[in-house]
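Here's the structure, in structure tokens; my notes come after.
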Amino acid sequence: MGATGGKIRDVLEKAHFDGTVLTASDMHDAVRKAKSVASDGDTVILSPASASFDLFKNFEERGDVFIEEIAKLKIKD
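All letters in the sequence shown, in the order written, are residues 15 to 91 by our numbering.
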């Protein structure tokens, strides 16, 4: 997600990372993908690997959008 998302993915591939890497287009997409791979009782955290000034004005807005997307899931469930 964001300007450095592809670069991070490339570094992981070059390092032969054998875990699962999910790519998201925005926070809405990221939260939906996290929900799809999480099991009941799992905890999903927002742990950015880089700045996201191309998507949000600051870290507070990024966190607020994450919380909003989680809240939307709670309303649907």
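C-beta: ideal position from N, C-alpha, C; glycine also. Just so we're clear, the structure is a prediction, and the values are computed from it rather than from any experiment.
Cα-Cα separation, Val35 to Arg23: As the crow flies, the alpha-carbon of Val35 is around 7 angstroms from that of Arg23.
Going by DSSP in three states, Asp54 sits in which element: helix, strand or coil? Coil.
Test item: CB-CB of Ser39 and Met15 under 8 angstroms: Yes.
With 16 other CB atoms within 10 Å as the buried threshold, where does Ala44 fall? Around the Cβ of Ala44, a 10 Å sphere holds 16 or more other Cβ atoms; the residue is buried.
Between His30 and Gly20, what straight-line distance do the alpha-carbon atoms span, to the nearest angstrom? His30 and Gly20: Cα-Cα distance of roughly 15 angstroms.
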